[in-house]
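From first to last, the protein sequence lines stand for chains A and W. Our numbering numbers the first residue of the first sequence as 1 and each following residue consecutively. Our numbering numbers the first residue of the second sequence as 1001 and each following residue consecutively. We put the CB at the ideal spot given by N, CA and C, even for glycine.
2 protein chains.
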Amino acid sequence: MKPALIRNGEQPGESETERAARLIRCAGARATPARVRVLRLLRSAPTALSHHEIEQSLGDLALDRVTLYRVLDWLVATGLAHRNADTRRTFRFSAASSSEHSAHTHFRCDGCGRVFCLDAAPPPPPKLPEGFLLSRIELDLRGRCAQCAGSAQ
Amino acid sequence: MKPALIRNGEQPGESETERAARLIRCAGARATPARVRVLRLLRSAPTALSHHEIEQSLGDLALDRVTLYRVLDWLVATGLAHRNADTRRTFRFSAASSSEHSAHTHFRCDGCGRVFCLDAAPPPPPKLPEGFLLSRIELDLRGRCAQCAGSAQ
DNA sequence: GGGTATCTGCAACTCGGTTGCAGATACCCG
DNA sequence: CGGGTATCTGCAACCGAGTTGCAGATACCC
Ligand SMILES: [Mn+2]
Ligand SMILES: [Mn+2]
Ligand SMILES: [Zn+2]
Ligand SMILES: [Zn+2]
């Protein structure tokens, strides 16, 4: 609708869609509807989303299954998103935020498999065996989320 | 070969095989060769093992694929082993040791996917959102193991 | 607007894990 | 020690998440 006259850099007045498109072009790729929709969704999600949840959330705007996988892979490869396997061994994706890049705290629900990002203080880096290279510290809490703890056992 | 005269409790002179069999019977199940072999292997492994690695390690004593899955599931259900998904979304299994039951530190290699158990100090329990139930704290270090850091990038 | 490298959609595939069921066997009991 | 039975094993078929190859579409440079 509204023509995007902006080219680059922070734009306080831009919509979330415009912002997602700009981030994608800055990463050196075409701002296709598929990429824009997925990145916008990830950036507004409160928890890390699975491929299936993303498909659901896109509703009638849904992409082909494979295209969604490729979009997600590309977002991860460029660093615009993170990927990790949840307790049920499916990948979950979250938008990379500038504040979070080396340490992070997650709560993983053993009931529903969801992953919640918590703003807890990252633990101090420990000593590693000789030759090991550390790139990321994650504090991983496991148990049951409020919803799953409330219902059955 | 040697008849197992022991019934229960710690037995300093017993072999690793006898010890595994006793642990299984104490958990209320039959000490079948399949269970004994797998538990013995897990208890002697320095890292958490994948289903495939276990199959390989058993060599000519290998079980049916499905039986191995069921043995592993049973070990996890009784608490004799732990299961977690590695960075490549495959499950890895490790013997439960008495010293480790609520907090644990792992190093996950992004190169080969292996999981190393480290004896690092467990972080202090953080505060959770209302209604969340905590069962396990795990400090999760990610990067490259000595072997993978040594070779290609 | 047109040309082209990039992207999308479809079909077919791989891989880790699960389910159902019929035949084997560890262990309880005498 | 055997025999009976609940438990365990092996096979075949299945499932869902993720990947690959390729032909047709399209964002973006000009
Ligand atoms: Mn996160
Ligand atoms: Mn461990
Ligand atoms: Zn839950
Ligand atoms: Zn490695």
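Does W:Ala1077 have its Cβ less than 8 Å from a Cβ in chain A?
Working through the second sequence from its first residue, we reach residue 1077 of chain W at position 77. By this cut-off, W:Ala1077 is not an interface position.
Measuring only between beta-carbons, confirm whether W:Ser1135 sits less than 8 Å from chain A.
On the second sequence, position 135 is the one that residue 1135 of chain W refers to. Yes, its Cβ sits closer than 8 Å to a Cβ of chain A.
A:Leu49 lies in the beta strand (DSSP E); which residues open and close that run?
Position 49 of the first sequence holds residue 49 of chain A. Its beta strand (DSSP E) spans residues 47-50.
Name the two residues that bound the continuous beta strand (DSSP E) containing W:Ser1094.
On the second sequence, position 94 is the one that residue 1094 of chain W refers to. From DSSP, the beta strand (DSSP E) with W:Ser1094 extends over 1091-1095.
Residues near ligand 3, CB to any non-hydrogen atom under 5 Å, in chain order?
Cβ atoms closer than 5 Å to ligand 3 belong to A:Cys109, A:Gly111, A:Cys112, A:Cys145, A:Cys148.
Mind checking if W:Asp1140 is an interface residue toward chain A, Cβ cutoff 8 Å exclusive?
Position 140 of the second sequence, counting from 1, holds the residue named residue 1140 of chain W. It does; some Cβ of chain A falls within 8 Å.
Is the closest heavy atom of ligand 4 to the C-beta of W:Arg1083 under 7 Å?
Residue numbering aside, residue 1083 of chain W sits at position 83 when the second sequence is read from its first letter. Flag unset: Cβ of W:Arg1083 not near ligand 4.
Between W:Leu1058 and chain A, is the shortest Cβ-Cβ distance under 8 Å, so that the two count as touching?
For the purposes of this step, residue 1058 of chain W is identified with residue 58 of the second sequence, where counting begins at 1. Not closer than 8 Å to any Cβ of chain A, the Cβ of W:Leu1058 fails to qualify, so no.
State the CB to CB distance for the pair W:Ala1021 and W:Ser1094, rounded to an integer number of angstroms; the pair is presumed to be in contact (CB under 8 Å).
Reading the second sequence from its first residue, position 21 is the one you call residue 1021 of chain W. Reading the second sequence from its first residue, position 94 is the one you call residue 1094 of chain W. W:Ala1021 to W:Ser1094, Cβ: 19 Å. No contact.
Flag W:Leu1005 as yes if its beta-carbon sits less than 8 Å from any beta-carbon of chain A, otherwise no.
For the purposes of this step, residue 1005 of chain W is taken as the residue at position 5 of the second sequence. At W:Leu1005, the pLDDT of 35 sits below 50, so the modelled position is not reliable; the number obtained from the coordinates is stated separately. No, no contact with chain A.
Starting from A:Arg88, follow the alpha helix (DSSP H) in both directions and report where the run begins and ends.
In the first sequence, counting from the first residue as 1, residue 88 of chain A sits at position 88. Per DSSP, A:Arg88 belongs to no alpha helix (DSSP H) and is neither H nor E.
Comparing the C-beta of A:Gly150 with each C-beta of chain W, is any distance below 8 Å?
Taking the first sequence and counting its residues from 1, the one referred to as residue 150 of chain A is at position 150. True, the Cβ-Cβ gap to chain W drops below 8 Å.
Please return the same chain residues whose Cβ sits closer than 7 Å to the Cβ of A:Met1, not counting the five positions on each side in sequence.
Translated into positions along the first sequence, residue 1 of chain A becomes position 1. Here the model assigns A:Met1 a pLDDT of 38, short of 50, so the residue's position is not dependable, and the following value carries that caveat. Cβ within range, chain order: n/a, list empty.
State the Cα-Cα distance for the pair A:Gln56 and W:Ser1057, rounded to the nearest angstrom.
Locating residue 56 of chain A in the first sequence gives position 56, counting from the first residue. Locating residue 1057 of chain W in the second sequence gives position 57, counting from the first residue. Spanning the two alpha carbons is a distance of roughly 42 Å.
Determine the closest residue to A:Cys145 out of A:Ser135, A:Leu118, A:Leu128, A:Leu133, with distance taken between C-alpha atoms.
On the first sequence, residue 145 of chain A is found 145 positions in, with the first residue counted as 1. Comparing Cα positions, the closest option is A:Leu118.
Going along chain W in order, which residues have a C-beta closer than 9 Å to the C-beta of A:Phe107?
Within the first sequence, the letter at position 107 stands for residue 107 of chain A. In chain order: Leu1128, Pro1129, Phe1132, Leu1134.
For A:Arg83 and A:Ser50, which I take to be in contact (beta-carbon distance under 8 Å), what is that distance rounded to the nearest angstrom?
As a first step, residue 83 of chain A must be located in the first sequence, where it is residue number 83. As a first step, residue 50 of chain A must be located in the first sequence, where it is residue number 50. Not really, about 10 Å apart at Cβ, beyond 8 Å.
Taking the straight line between their C-alpha atoms, what separation do you get for W:Leu1139 and A:Arg142?
Position 139 of the second sequence holds residue 1139 of chain W. Position 142 of the first sequence holds residue 142 of chain A. Using only the alpha carbons, I get a separation of about 11 Å.
Can you tell me which of W:Gly1059, W:Phe1107, W:Phe1132, W:Pro1123 puts its alpha carbon nearest to the alpha carbon of A:Gly131?
Translated into the one-based positions of the first sequence, residue 131 of chain A becomes position 131. When each option's Cα is compared against that of A:Gly131, the closest is W:Phe1107.
Does any residue of chain A have a CB that is nearer than 8 Å to the CB of W:Cys1117?
Start at 1 with the first residue of the second sequence, and residue 1117 of chain W comes out as number 117. So no, W:Cys1117 is outside the interface.
With 8 Å as the threshold, decide whether the Cβ of A:Thr47 is near any Cβ in chain W.
Here residue 47 of chain A refers to the residue found at position 47 of the first sequence. False, the Cβ-Cβ gap to chain W never drops below 8 Å.
On a CA-only basis, which of A:Gly28, A:Val115, A:Leu134 is nearest A:Pro124? Give me that one, please.
By 1-based counting over the first sequence, the position of residue 124 of chain A is 124. Answer by Cα proximity: A:Leu134.
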